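Student:
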Amino acid sequence: MSALGWVLPALPMAAGGLLALGGRRADRPAPAVAVAVAAVTTALAVAAAVLRPSVRAPMLAGLPVGMAVDGLSAVLVVTVAAVALAVLVFAAGEMPPSGRFFGLMLVFAAAMLVTVTATDLLLLLMAWEVMGAMSYALIGFWWHESARVRAADTAFLTTRTGDLGLYLAAGAAFAGAGTLSLDGLEGAAGAWPHVVAVGLLAAALGKSAQLPFSFWLSRAMAGPSPVSALLHSATMVAAGAYLLLRTQPLLAATGWAAPVAAWTGAVTALLLGAVALAQTDLKQLLAASTSAQLGFMVLAAGTGAVAGGTAHLVAHAAVKSLLFLVAGAWLAALGTKDLNGLHGAARRYPFVGAMFTAGALSLAGMPPLALWVTKDTVLAAALRTSWPLYAVGLAAAVLAAVYAAKAMLIVWLPATGDAPARSVSPLEKVPLPPLALAAAGLGLVGVFWTPWHRLVGGPSEPPPELRGLAASAVLVLMTFSWAVRRYVRGSLRPAVMTGPRWASSAAADWLHLERAVSAVLVRPVLALAAALARFDDRVVDGAVRAVAATTLRAVSPAARRVEAGLDGAVHAVSAAGLRTAAFSVRRAEDPLASVVRGVGAAARRLGRLARRPQTGQVHIYYFQAVVLLFALAVVLVLLR
Amino acid sequence: MDVVAFWVLAAGAVAGGIAVFAVDSMARATFALLVSFLCVGAELLLVDLPYLGLLVVLMMIMEMLVMAVFMVMYMMNPAGLMPMAMVHNRRGAAAVSAAVFAALAAGVFLTPWPPRRGAPAGDTTFALGEAVMGPKMAVMMLVGVAILATMISSVVLATRRGRYDRYGDRLDARRPADPGRGAP
Amino acid sequence: MLNLVIFLPLAASLLLLALPRLGARAAGVLWIATTALDLLLVLGLWATHDGGMDHQTRLRWIPSVNASYHVGVDGLSLPLLALTALLFLVCAVYSPGRGRGFAALFLFLQSVCLGLFSALDLLLFFVFFDLSIVGMYFVIAGWGHGDRLRSALKFFLYTFLGSLALLLGFIGLYLGAEPHTFDIVELTAEPPLADSPGAAALVLLAVGIGLAVKTPTVPVHTWLPPAHTDAPAAGSAILAGILLKMGVYGMLRIAMPMLPDAWRRYAGVILVIGLVSAVYGALVALAQENVKRMIAYTSVSHMGYIVLGLGAAGMAGNAAAHRLAVSGGITQMVSHGLLTGALFLLAGVFHDRAGTYDMGRYGGIARGAPVFAALTAIAAFGSFGLPGLSGFIAEFQIFTGTIGADGAATAVAGALALPGVLLTAALFLRMLHRTMLGGPGPDTGGITDLRAAETTAIVPLLALSLLIGVAPRFLLDVIEPASAAIVSLVSR
Amino acid sequence: MTLQAFLLTASALFAVGLYGALSQQSIVMVMMGLELMVNAIVLAGAAFWYHVTPDAADGQVLVLVAITVMALEMAMGFAVVTASFRAGEVDMTEGAEDLKG
Amino acid sequence: MMRENPADLLPELLILGSAVCGLVAGLWLPRHRQRIVAAVCAAGLAGALAATALAARGPRMTTFDSFELDTTTHAVRAVVVVSALLVLGLAGPLRGHPRESELYVLVLLASLGAVVMAAASDLLVLMTAYLLASIPGYALAGFAKDARGTEAALKYFLMGALLGIVMLTGMTMLYGAGRGTAYPVLAGGLAAAPQGVVAAGTVALLAGLLFKAGAVPAQYWVPDVTEGAPPVVAAFVTTVPKLGGLAAAFRLASEVLVHTSVGWRALVAVLAAATMTLGNLAAFGQDNVRRLLAYSTISQAGYLLVPVAVAGRSDLAEPALLFYLAAYAVTQLGAFAVVIARGSDDLADYTGLARRSPWLALSLVVCLLGLIGTPPTAVFVGKLLVFGSALDGGHAWLAVVMAVNTVASVFYYLRWIVPLYRTGHAVPWTPRHAASALAVTAAVLSLVLGIAGGAVFAL
């Protein structure tokens, strides 16, 4: 029983690790091994969903880690494993055999499995960050292209910025409750729950590409298509939504966190929907839609619709992995993901096109497909909370219909270019039908709402209302048909975006988020770093050198004066000598020169000064010794 | 009487001292120094120290003789045939010594010197002998060693030719190989 | 057994010196064999460790000042002894054919480091502390590159001045104790200067300056970058991996238990110094163009976290959090030793192959040297605290312990330190991007992949880091009693 | 014939001797200055004995030691001058300034 | 009851006896067999060492009314004897010299003077011991009879004569004020005496002792003599007389001055600070290793004056002084042994020494690091004790000055150390074996003293 709990994540993790580090030897068997491992993992996930294993292990002092599969986790482990399997099968067809790629994918999925089963913040954070690192490695898979590496950097650093919240949350949870367990965070003492909520929100919003973090998702498209398919569906971005759904009681308990989450989700859904509409690149469109769809899940977490949000998560995972795989297949086959270049793609590959259509329709919220139902459960919960929230959500749903229609229509438009370069391999096709089926059929949760709700848990939540369903169905159908008409009739420009110019350019550029972050955060930090580095060299280290130099300089005039006094008594110091001395003192007091010359030179100069009394002439020694002794005697006699 | 003698001798001693550096030949300086010492030796007689006084006088006469020989041997201008003024930093030296004298004189008169305790023994020379054979024996033993050391040291420094120069490296020459007669 | 552990390398060092005709190869073999044996002995110590102060030896040394040769092992020193033994073995493996002198010097330095971490007498501690400076000076001045003499001199003067402050502080402790003694155990049992806070503060200042220079913390860290830049790779690894730990170790072993009142009173200051070091070090590192300078500044940052945690442990409040912070600090010492040691050994490859550490001259190394790139990436990820590697375990404890230590103030300090992790991540990604990934640079062609010796040396470090990152209990079981003891001593 | 009178005389002798030691170029003359200083000591030592502690012979021994010092230092002085004269024809302090810095 | 048992002075008598025997034997020995005199002298020294070891077990007492038999005396006896033995060993370059026998004899006589200075508890004994310790030194400095040697002898002599007379002046003042010359008498007498005289007398008296110690303001002879005299003599005069002078200063401070109300502590402390600073600064940029060592020895004198400044106020002062003296003597002689073995004073000639003669280089490193005060060398322990005594005696500022000076000293010592390990120019030369062996011996001794200092303290 407990073995199952360990094996479920450990198998893909270990297999992935070996493949990734195995070097060239691992390349050839990698696809097969990865698919096999993913299949076994899927089986294990199903088993775990049924058997509900729970494991614990000691980790830090008084802070054990544990994994457990409850209802929510059960749904997610199956989803993650199944989507991962589908994506890997597809990748086996599309990608060249690479141990690194398949290994990283497995680790990526395994980290997500740990994330959704972890019972405490420590393990959650570990898996969470490993997932982030894997996303970096996968987005930057083609590392020899600097742009892709930069994209990976951006993605990782952005999500890690959010991740800092988890550290904060962990610290606060420990401070408030003495434990890191995810259950009962809301029971922490004092103001700590609020701090925990801040941290969790930051982490989740970052991971789920909600505003204001959304831009990283755009950059994440630089990775291979299977990576996008996995990253945008069941792993990574889903983790943020999952975390909020998991900690919904805490969000609710703080009083402010739930509305913040809800509004952030709703606004993201709306604005990123607009962004999706403005994209001219299929993968960018899908990416923006991911962000928007995740907005619904976050909205769900904020409004207490745990079951609905989870349903939406699962359904969206199926839809989005399907769409990305198809986009990847076309990209591989046609060499483009630009919407202009994809005209007629569905006509050339009808089977794939059909699958894409199923996904797009589901994404549009077409009844009776899955997202129609799941989105509506979320919207229903929003309506129960506040009507403006509902209104925004509904608007976002409408936008979803428009961009989905756009994507779908473009691929069905007549082809303009040459014949396809490459066919889509069978392995690439195999995972598509099951995903399409899920994308279409998961709406059944609306029918079996009560068992679903019981499975997932969460606060009481009515089944989706017919009225709401109907309303949204009508709205979506109307919009969809309007959009279709408009696209078919209108200029065939893919980036159809009405509205003022600034708005359309903002939407096309993902609301200028990246530029804003770069201007407000990244460049100032880099400038600060550069300034501090200079400061460190010139001031901090300079101060050390200067202290040394100043000490020496402070001593040397004194020594000079003593010596000059002696000399003056012994010889008449010539005017020329004085001028030379004055000149050299002035030189010595020029700070820059002295620092540049360094302490060593100053020391040497001082050494010469200290040796000046050592003239070699006995009578001067005599004189100095007698004068000094006499002075000492006088002082000692007088100062008693 | 004593007081007069004292002041006369004191004046003589100081004057002799000053003369040492005022006269223009080394030979005269030597005799000025001798005068100064003789006056001090005589002063000692005034305070019941006949033995030490005589010792000073005898020592100084001997020493001045040695010095005279020395000058004859090595020094330029031994008999003051040429006037000499070999000084440096005269003003500085004068200032310092004047300051020292002023300070010492001030100390002499400002200090409440401890009162006299006891009286001289009948025979001060005997008392000295007792002290030297008693509590100060170590001093005299060491003086002996120091004299030995000085003898060796001065021989090492001052003589050019040693036993190996005179009797060969194996010390087997019958007769010393001396350039002149007896000169070391 | 402990004495054998400490002096075995020294004996081997003398043996090497006494065999002038020994070739570089044979010297290398002797070096590796000695360090390997020493590591085995340390593992023996680990196996027989029972939680308290083990393997004590106490011999009269300078009885007139109550100084003795007193050594022992507890949960604080054991991990560091193991780290020392491992890292020196790794350096031996990494540097074949460096010759007799190099091997002898490293063996000497190993004895010094082992001695320091087991010293239970302030004077003995100081002796080893100073000798480490001398040894490292010769490593840099003798086998470094670039402006090595200048860097070595700066290192020597700076740390030597620090050590003298430390010595004055030690004498202060000695004079403050009644009866006067240098014995750490006795001084810990009855903290000196308990009733004269002013003197205790001065002594803490002196000791603190000495240790801060060695750690190093901002603003007394500027000796570190040039020293690292111009040191040979193995020297850098030891300097960063072992020598820097001496400062923090001194705080844990001496400053905290012996001056608990002063430590508590000035915990806020220490906290802020740690915080500033952590963030400032990371920021400055971000702007570096030289790989080694960059890693050096990250060391400042990493050590800053430890100081942060130790400062937090001096605040009033939650003892469990204090223990966590201190455990985290000790774990960070081990982790930083492994990861930064590995990073410096890897950075040495740049200079070895192409003669420069300038990031701008590289790029796309991963193509020609995949193993080099992969290991560097792993070490870099570990260094910025990726879970699964040891850095995370350490930093998580420090952050959690600090945030939870004492209400809002430490929580804010902990929260303010968090961006340091992000900055570190950014700078390492930048480093990877500019050297390993992307298109080739002018000097990329010269970089050949790791040799067997190099790989053999570096992999164990990373493997151990991974082990600690995944299953840290074996380490924490040793550390936690020690940190609990320290926390209870500080809160007296 | 008070103690002060003796000491004043001794001070004067001392100062004169010091002047000589500081101002003379010829080494022999410097030595004469030193001898005058010893002379002062002899006088002061005897005066202290007579005026302060005539019951103990310490002062007498002091005078004896002073005379010894004078004799031995002078003997060494002549030896040094001889050696110096032979080695470099130097009998002036100014001549000896190769060693410096 | 006064004690006048010559057996109490057995070590001194053995030194004197062997010197006399050596002198006499030298008169009859062929020129190239004068080494036998060294053997005779060494035997006498060894006997003295053994006698000292025996005597050290005895109780503290005063003999001949002016000769203290206490820890200071025993320790200085032992250190002086060992130093003299090392110096005898270093005299190799002068073998076959027509005055070789006299060299050994003079070394012994000067050593005897140093020992008596340390033991004297009577001003007059101190004065005669000063003479005994100085006069052979003058002769030794001019031993080579070359221009530089005689110049060194001249300067040494003139400084010594003047400061000796100043010292005698100080003694006269103290005698007049304190009604006696023996320390016990003075201890009582000076307390009631006019303090102005005491103050002036103290300064004047210290002048001679500072001359022996080579400290400000009587340090002028040190560099010139160290450079001009034969190396072995330089080694001797920068160590042995220093031992006597400092021990005498310490005895004077702790037995006499503590009873006065004069500000002598501040005086000595200021002199210590000035001495160490001057010595260190002057050593910067010095390219002649003997001058470098000379200035370093001045700075060491400064450190050594610190325990004198806190004499009677800290229990650590005496062990600090004695241990530092022992450590310093061994280390300094070790460094000089390397100079003699290398046979060159030019810093540049030490480039690449490690390649040619690794043990010699290592010895030099140990000795120079020792002079810095790096553990585990003996000077470190000494320095530690000095630090401790300064802090304990309430002169914390002096400890800080000393620490800063120590760091500054690193500059010039490292200037000598670093080139050793560089590849050097290939001017062929052969190390002198005896001196090399002694260098190694001294280095080892320095380490042993540092590591097993406890054994020394057990005495």
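Protein chains in written order, with this note's numbering: chain B, 3 to 642; chain E, 97 to 280; chain R, 2 to 493; chain C, 5 to 105; chain X, 2 to 460.
All C-beta atoms, glycine included, are put in the ideal place defined by N, C-alpha and C.
On a predicted model such as this, the values are computed, not experimentally measured, just so you know.
Go ahead and pull the three-state DSSP assignment for E103/X.
Tutor: Correct three-state label for E103/X: helix.
Student: Any C-beta of chain B within less than 7 Å: which residues of the region 280-312 of chain R qualify?
Tutor: The residues in question are Y281, L284, V285, L287, A288 and Q289.
Student: Contact between the region 282-293 of chain R and the region 143-162 of chain R: three or more CB pairs below 8 Å?
Tutor: Result no; under three Cβ-Cβ pairs closer than 8 Å.
Student: For the alpha helix (DSSP H) holding Q295/B, just list the boundary residues, first then last.
Tutor: Here the alpha helix (DSSP H) through Q295/B covers L284 to T305.
Student: By a C-beta neighbour count over all protein chains shown, 10 Å radius and 16 as the cutoff for buried, is E191/R buried or exposed?
Tutor: Exposed.
Student: If we ignore side chains and look at the alpha-carbon of each, how far apart do L430/R and D155/B end up?
Tutor: The alpha-carbon atoms of L430/R and D155/B are separated by roughly 7 Å.
Student: Sorted by chain position, which residues of the same chain lie with C-beta nearer than 6 Å to Q57/R's C-beta, five sequence neighbours on each side aside?
Tutor: Contacts found: G73.
Student: How would you write the range of the alpha helix (DSSP H) that G408/R sits in, first residue to last?
Tutor: Counting along the chain, the alpha helix (DSSP H) containing G408/R begins and ends at G408 to T436.
Student: Check R257/E in the structure and name its three-state DSSP category.
Tutor: Three-state result, R257/E: coil.
Student: Against V636/B, what residues of chain E qualify as contacts under a CB-to-CB distance less than 8 Å, listed in chain order?
Tutor: The contacting residues are A199.
Student: Is there at least one Cβ from chain B nearer than 8 Å to V238/X's Cβ?
Tutor: V238/X does not count as touching chain B.
Student: Roughly how many whole angstroms lie between the Cα atoms of A204/B and S216/B?
Tutor: C-alpha separation (whole angstroms): 12 Å.
Student: Should E430/B go down as buried or exposed, given a rule of 16 or more other Cβ atoms within 10 Å for buried?
Tutor: Looking at its Cβ environment, which holds 16 or more other Cβ atoms inside 10 Å, E430/B is buried.
Student: Which one or two residues does DSSP pair with H71/R in a beta bridge?
Tutor: DSSP output for H71/R lists R59/R as bridge partner(s).
Student: My assumption, with CB atoms under 8 Å, is that L110/R sits in contact with L79/R. Please give the rounded CB distance.
Tutor: That belief does not hold up - the Cβ atoms of L110/R and L79/R are roughly 20 Å apart, past 8 Å.
Student: With distance defined between alpha-carbon atoms, name the residue in V400/B, P428/B and P526/B nearest to A473/B.
Tutor: For the residues V400/B, P428/B and P526/B, the minimum Cα distance to A473/B belongs to V400/B.
Student: For a contact meaning CB atoms closer than 7 Å, what does G197/X contact in chain B?
Tutor: Those are V639, listed as they occur along chain B.
Student: Could you name the residues of chain E that L132/X contacts, counting a contact when the two beta carbons are closer than 7 Å?
Tutor: Those within 7 Å of L132/X in chain E are A242.
Student: With a CB to CB cut of under 7 Å and the five nearest residues on each side skipped, what residues in its chain are close to T582/B?
Tutor: With a pLDDT of 42 at T582/B, under the threshold of 50, the modelled position of that residue is not reliable, and the figure given next carries that caveat. Cβ neighbours of T582/B beyond the five flanking positions: none.
Student: According to the neighbour-count rule (16 or more other Cβ atoms, all chains shown, within 10 Å of its Cβ), is S576/B buried or exposed?
Tutor: Residue confidence for S576/B is low, a pLDDT of 37 falling below 50, so the modelled location carries little weight and cannot support an answer.
Student: What do you get for G192/B, buried or exposed, if any count of 16 or more other CB atoms within 10 angstroms of its CB means buried?
Tutor: Flag for G192/B reads exposed.
Student: What is the DSSP secondary structure of M5/C, counted as helix, strand or coil?
Tutor: Residue state, collapsed to three classes: coil.
Student: Less than 8 Å between the CB atoms is what I'm expecting for L421/X and L334/X, so what's the real figure, rounded?
Tutor: 19 Å between Cβ atoms; not a contact.
Student: Answer yes or no: do V126/X and R78/X have a C-beta to C-beta separation smaller than 8 Å?
Tutor: Going by C-beta atoms, V126/X is not nearer than 8 Å to R78/X.
Student: Based on the DSSP secondary-structure assignment, which residues constitute the bridge partners of E69/X?
Tutor: DSSP output for E69/X lists T63/X as bridge partner(s).
Student: Identify, in the order they occur along the chain, each residue of the same chain with its Cβ nearer than 7 Å to the Cβ of F8/R, setting aside the five sequence neighbours on each side.
Tutor: Correct list, in chain order: S112.
Student: If you follow the beta strand (DSSP E) that M61/B is in, where does it begin and where does it stop?
Tutor: Here the beta strand (DSSP E) through M61/B covers S56 to L62.
Student: How far does the beta strand (DSSP E) with A70/B in it reach, from first residue to last?
Tutor: That run of the beta strand (DSSP E) goes L65 to A70.
Student: Mapping DSSP to helix, strand and coil, what is D231/R?
Tutor: The answer is helix: DSSP assigns D231/R an H, G or I state.
Student: Among residues of its own chain, excluding the 5 on either side of D450/R, which ones have a beta-carbon nearer than 8 Å to its beta-carbon?
Tutor: Contacts found: G369, A370, P371, V372 and F373.
Student: Going along chain R in order, which residues have a C-beta closer than 8 Å to the C-beta of T1/B?
Tutor: With chain B running from 3 to 642 in the structure shown, residue 1/B is simply not present.
Student: If you measure from the beta carbon of P210/E to each beta carbon in chain C, is any gap under 8 Å?
Tutor: So, interface residue.
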